[in-house]
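To keep things clear, I will list the structure first and then write my remarks on it.
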Amino acid sequence: MIRAAARGPRRVGALLVTLLVVGAPEAHGQITVGTGPEFKGYGFDPGLGADAAELFVLPVAVRVPVSDRFGIDVFSAWARGRVEVDDTNLELSGPVDTRIRMSAEAAPWARVTVGAQLPTGHASHDSEEAVVASVLATDLLGFRESNWGSGTALTTSVATATRAGSWGIGAAAAYALRGSFRPSADVDSVRYTPGNESRVRVGLDRNFGNNTLTLGGTFITYAEDQANGRNLFRSGDRFRFDASYQFRASAGLWTLYAADVIRSNGDLTLRLAGGSGGAAGDTTVATADQNMLVAGLVGAIGLGSGFVFRPHLDLKLQARTEPDGSDAGSGWMLAAGGDIPVRLFGRSELFPRAQVLVGSIRDRQGESVPLLGLELKGTLRWSP
Amino acid sequence: MRHDPGPRRTARGAAISPHRHRRSGRQRFWATAILLAATACASGVPDVGPADVPRLAEEASERPDDLETRTRLGIAQYRAGNVDAALENLRRAVEDGHETGPALLHLGLAHESREEWAEAREAYGRYLDRDASGTLRSDIENRLQLMGRNLLRERAREALELERRVADRVEPTPRSVAVLPFGFNSERADIEPLIYALADMMSTDFAVSDALVVLERAQVQSLLDEMALTEAGYAEEETGARAGRLLRAEHVVQGVITTLGGDRLRTDANVVNVASGSEAGDLNETAALEQLFAMEKALVIRTIREVLGVELTPAEEQAILDNRMDNVLAFVAYGEGLRALDRGNYADAEERFQAAISLEGGSNDMLESALETTSGLSEAEDTDTETLASRARAPGAVGGGPLAPPAGSTTGAEETGGDLSQGTLTNVTEGVAPTPTSGLLDLGSTDQAYEQPKQTGDTERQPVEEASGESGIVGSSGTIRLVIPRPGGER
Numbered sequence: 010m011i012r013a014a015a016r017g018p019r020r021v022g023a024l025l026v027t028l029l030v031v032g033a034p035e036a037h038g039q040i041t042v043g044t045g046p047e048f049k050g051y052g053f054d055p056g057l058g059a060d061a062a063e064l065f066v067l068p069v070a071v072r073v074p075v076s077d078r079f080g081i082d083v084f085s086a087w088a089r090g091r092v093e094v095d096d097t098n099l100e101l102s103g104p105v106d107t108r109i110r111m112s113a114e115a116a117p118w119a120r121v122t123v124g125a126q127l128p129t130g131h132a133s134h135d136s137e138e139a140v141v142a143s144v145l146a147t148d149l150l151g152f153r154e155s156n157w158g159s160g161t162a163l164t165t166s167v168a169t170a171t172r173a174g175s176w177g178i179g180a181a182a183a184y185a186l187r188g189s190f191r192p193s194a195d196v197d198s199v200r201y202t203p204g205n206e207s208r209v210r211v212g213l214d215r216n217f218g219n220n221t222l223t224l225g226g227t228f229i230t231y232a233e234d235q236a237n238g239r240n241l242f243r244s245g246d247r248f249r250f251d252a253s254y255q256f257r258a259s260a261g262l263w264t265l266y267a268a269d270v271i272r273s274n275g276d277l278t279l280r281l282a283g284g285s286g287g288a289a290g291d292t293t294v295a296t297a298d299q300n301m302l303v304a305g306l307v308g309a310i311g312l313g314s315g316f317v318f319r320p321h322l323d324l325k326l327q328a329r330t331e332p333d334g335s336d337a338g339s340g341w342m343l344a345a346g347g348d349i350p351v352r353l354f355g356r357s358e359l360f361p362r363a364q365v366l367v368g369s370i371r372d373r374q375g376e377s378v379p380l381l382g383l384e385l386k387g388t389l390r391w392s393p
Numbered sequence: 233m234r235h236d237p238g239p240r241r242t243a244r245g246a247a248i249s250p251h252r253h254r255r256s257g258r259q260r261f262w263a264t265a266i267l268l269a270a271t272a273c274a275s276g277v278p279d280v281g282p283a284d285v286p287r288l289a290e291e292a293s294e295r296p297d298d299l300e301t302r303t304r305l306g307i308a309q310y311r312a313g314n315v316d317a318a319l320e321n322l323r324r325a326v327e328d329g330h331e332t333g334p335a336l337l338h339l340g341l342a343h344e345s346r347e348e349w350a351e352a353r354e355a356y357g358r359y360l361d362r363d364a365s366g367t368l369r370s371d372i373e374n375r376l377q378l379m380g381r382n383l384l385r386e387r388a389r390e391a392l393e394l395e396r397r398v399a400d401r402v403e404p405t406p407r408s409v410a411v412l413p414f415g416f417n418s419e420r421a422d423i424e425p426l427i428y429a430l431a432d433m434m435s436t437d438f439a440v441s442d443a444l445v446v447l448e449r450a451q452v453q454s455l456l457d458e459m460a461l462t463e464a465g466y467a468e469e470e471t472g473a474r475a476g477r478l479l480r481a482e483h484v485v486q487g488v489i490t491t492l493g494g495d496r497l498r499t500d501a502n503v504v505n506v507a508s509g510s511e512a513g514d515l516n517e518t519a520a521l522e523q524l525f526a527m528e529k530a531l532v533i534r535t536i537r538e539v540l541g542v543e544l545t546p547a548e549e550q551a552i553l554d555n556r557m558d559n560v561l562a563f564v565a566y567g568e569g570l571r572a573l574d575r576g577n578y579a580d581a582e583e584r585f586q587a588a589i590s591l592e593g594g595s596n597d598m599l600e601s602a603l604e605t606t607s608g609l610s611e612a613e614d615t616d617t618e619t620l621a622s623r624a625r626a627p628g629a630v631g632g633g634p635l636a637p638p639a640g641s642t643t644g645a646e647e648t649g650g651d652l653s654q655g656t657l658t659n660v661t662e663g664v665a666p667t668p669t670s671g672l673l674d675l676g677s678t679d680q681a682y683e684q685p686k687q688t689g690d691t692e693r694q695p696v697e698e699a700s701g702e703s704g705i706v707g708s709s710g711t712i713r714l715v716i717p718r719p720g721g722e723r
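As given, the protein sequences belong to chains P and H, one line each in that order. Just add 9 to the spot in the first sequence (first one is 1) and you have the numbering used here. Just add 232 to the spot in the second sequence (first one is 1) and you have the numbering used here.
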């Protein structure tokens, strides 16, 4: 872990510097760099598998608009996760995978995107780190990072849009090829290959005066994950429906949004060992299905002297059903907070943000366990 | 619909008579006859003249509350050339509720005679509000344009005068932007009018967003004219800062257009923060002449976002992108028209706008609006107040129709047209992109709200955690179906 943590940032830094150096002379527009510490932490009442969980991330993002029609985005981060279980601190830290996305406008009505995930992340976890990763993977908690790394991936997408009367209608399809990685630091021999991923989306937009309504529906399906070349797990299909309405009230811009992400149950295939040591057969284990509804409002309130407070209210409701009918893991989360952006000097801006989170999650006994969280961010955005 | 029974109609009706009962039978007869005649010819202006002044003055003295008589007296005094007295009586009549077409019209004429442009404009405006019909309506609409331009010049003079007298700075209007015509750094005199056309188009584009208060190009130009600046001075930063102070603008956008040989242009824009007198930011774009509109749009959108720190809604951005012309030569002709308009040469401006419309070859709201305005100004300039007053005496000139909404007002939500495909493309692209690069850079600007990242309700999966049934703080449970082969049997 320590080796990876030391090697990773150098690799990521070298990559970003290379991109900047190569991209800068060619850049058509302003290159933008964003970075800044982010902290999110929760305390849980007794009943769940952990007493506290927190994540500290130092992300770096670079955007290079090479031309009017072609741009490159790069993102990477260093992250440290901590989970407290029965007065024991478990940690997982290191760089995360680096993501590069190149987006080209092939025609005024078509856009092609090619993305790559470079395996710079700390993907191989020991048993303690695996506990941290699993706790941070709780969708309702909304941590930015949970697995640090999931191997190489190459993604492509094609999107097109047209106009029908007052409506803009778009459709897009994407496919992701996933490479393998070693998930366990303890068992060298296991190589895990997540299933390739297909996404299809239909989107609608309509302007009402200077306000814009956006609707969309996305379907995601996965091929089977493999462990050492053998089918292991097929993740459930996902459906995502979303709507947002962006409107102006005086000088402020407000957005009302809602999204519903439905995740069907997945199938885990287990091989049964026979008496002679060979395979006696396969069996299938269903995993939980899940439905998460998100709704919120983000906007701006002038404070005078050029300062603006941007409040943000966000409600998440998660319903999760285990194959045995248990609703453990279901819950809700209300987040309230905001940021006060500050222009520092030249083209640099600071976005300090704070958010308080309250909610509850059902434990295995069906009891709601309260939780309280805090999120602090200080993102610096700079255009050199 | 001439008969509106509502109270405002009653208050407006010229010969309609809150005071009829006070008159004698003979007077009542004539009053009724006049009322009918007036109604029949759509409430024409009372036919009174200088000779009627003594009689009407006596009647008004006897019946000080008779607002109709006071209005007639005011009109007669105006026609007698006694503008001050006319103004006094007409103002009193109107202020006391006698807002009839003839009263408001002559109040406007009297103010205009005294070069009180703001008051004249207000009276004409109220006349149009109250009086939907009448052949004089278009004359007054043209008049309003002329009053507006006169007023801008007057305010520019006042601002310069104030600058000389008052050392203290006046607080700028929050979020206000003024676009100065760009300086022109080229030998190509044929395209020099672009500096006016570009300033006009940029002002229109900045005004798309309600987050900005954009000063009219005509207002800016009036001030520059009063400052007696040559075109070479437009691009100087001190000019921008000074013009901004005088206009009470928070930011001033100015710049230079440079030809780079051939048909290539470079536009350097500079945004001045007026309060601090410092540069808020500078941007430049280079493009071929035929790409002029794309260059202007890029400059405007970047200025709004990167310098003024305002986030645009997709609809606003689309409206800016849609405001363009097809033909650059038409745009140059449009600039020539604006230059002629600024110089008060309305007939020439009209010709240039006609030429621009011909070159453009299709309908263009901006050109048609400019032509209409200029035609109105041209007509208004050719019509002095005396001519207008005499036209008002024609039957049916001053109408008595129902209340109309103010000219130019709109009802309901107007739908912004434009091609939505860019926003829709982003919608669907972000929705499927399985390589999210974080919303770290998509935080909007420092003084505006930002759109919630598209990945709200994340669809990214954590494969190992999910497959191991551990994707969550409570872990996961499952049912294992065991298949036990019979000894010797098939598996």
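Yeah, the Cβ is synthetic: ideal placement off N, Cα and C, and Gly gets one too. In this text, all values refer to a predicted model and were calculated from it rather than measured experimentally.
The distance from the Cβ of L603 (chain H) to that of L540 (chain H) is about 31 angstroms, inconsistent with a contact at the 8 angstroms cut-off. If you check the CB distance, G569 (chain H) and A588 (chain H) come in under 8 angstroms. Closest in alpha carbon position to L302 (chain P), among P:A181, P:V73 and P:A268, is P:A268. The Cβ atoms of V121 (chain P) and V75 (chain P) lie no closer than 8 angstroms to each other. When CB distances to chain P are screened at a threshold of 9 angstroms, not a single residue of the region 338-372 of chain H falls below it.
Unbroken alpha helix (DSSP H) stretches of 4 residues or longer found wholly inside the region 168-222 of chain P: none. Per DSSP, the beta-bridge partners of L497 (chain H) are H:T491 and H:A519. Between the region 293-307 of chain P and the region 320-327 of chain P, the count of C-beta pairs closer than 8 angstroms reaches three or more; the two stretches touch. The C-beta of N98 (chain P) has fewer than 16 other C-beta atoms within 10 Å across all chains shown, which makes the residue exposed. In the same chain as N314 (chain H), and ignoring 5 residues on each side of it, the C-beta atoms closer than 8 angstroms to its own belong to V285, in chain order.
The Cβ atoms of D372 (chain P) and L57 (chain P) lie closer than 8 angstroms to each other. Taking C-beta atoms as the reference points, T227 (chain P) and D246 (chain P) fail to come closer than 8 angstroms. Under the three-state reduction of DSSP output, L277 (chain P) falls in the strand class. Taking 8 angstroms as the cut-off, the beta carbon of P404 (chain H) is found closer than this to the beta carbon of A507 (chain H). By the C-beta density criterion, A162 (chain P) is buried, having at least 16 other C-beta atoms within 10 angstroms. Between P404 (chain H) and chain P, the shortest Cβ-Cβ separation is not below 8 angstroms. Rounded to the nearest angstrom, the gap between the Cα atoms of A88 (chain P) and N417 (chain H) is 53 angstroms. Per DSSP, R537 (chain H) is not a residue of any beta strand (DSSP E), being assigned neither H nor E. No Cβ-Cβ contact shorter than 8 angstroms links P320 (chain P) with G340 (chain P). Look at R319 (chain P) here: in three-state DSSP terms it is strand.
If you draw a 10 Å sphere on the C-beta of Q126 (chain P), you find 16 or more other C-beta atoms in it, and that means buried.
For I370 (chain P), the nearest CB of chain H lies under 8 angstroms from its own CB, placing it at the interface with that chain. Comparing C-alpha distances from V105 (chain P) to each of P:L224, P:G188, P:S85 and P:G90 shows the shortest one belongs to P:S85.
Non-local C-beta neighbours of A318 (chain H) in its own chain, meaning closer than 6 angstroms and more than five positions away in sequence, comprise G306, Q309, Y310 and A342, ordered along the chain. One finds P695 in chain H with Cβ atoms closer than 7 angstroms to the Cβ of S159 (chain P), taken in chain order. Two segments are said to touch when three or more pairs of C-beta atoms, one from each, lie closer than 8 angstroms; by this definition the region 491-510 of chain H touches the region 520-535 of chain H. Among the CB atoms of chain P, one or more fall inside 8 angstroms of the CB of I705 (chain H). Between the region 444-454 of chain H and the region 608-619 of chain H, the count of Cβ pairs shorter than 8 angstroms is below three; the stretches do not touch. DSSP places M459 (chain H) outside any alpha helix (DSSP H), giving it a letter other than H or E. Cβ atoms of L609 (chain H) and D371 (chain H) stay farther apart than 8 angstroms, at about 12 angstroms. Per the DSSP secondary-structure output, I310 (chain P) pairs in a beta bridge with P:F318. Nearest CB-CB separation between N659 (chain H) and chain P: below the 8 angstroms threshold. Think of a sphere of 8 angstroms around the beta carbon of I178 (chain P): the chain H residues whose beta carbon falls inside it are T656, in chain order. Between D96 (chain P) and chain H, the shortest Cβ-Cβ separation is not below 8 angstroms. Interface residue (Cβ-Cβ distance to chain H less than 8 angstroms): P393 (chain P) is not classified as such. When DSSP states are grouped into helix, strand and coil, H131 (chain P) belongs to the coil group.
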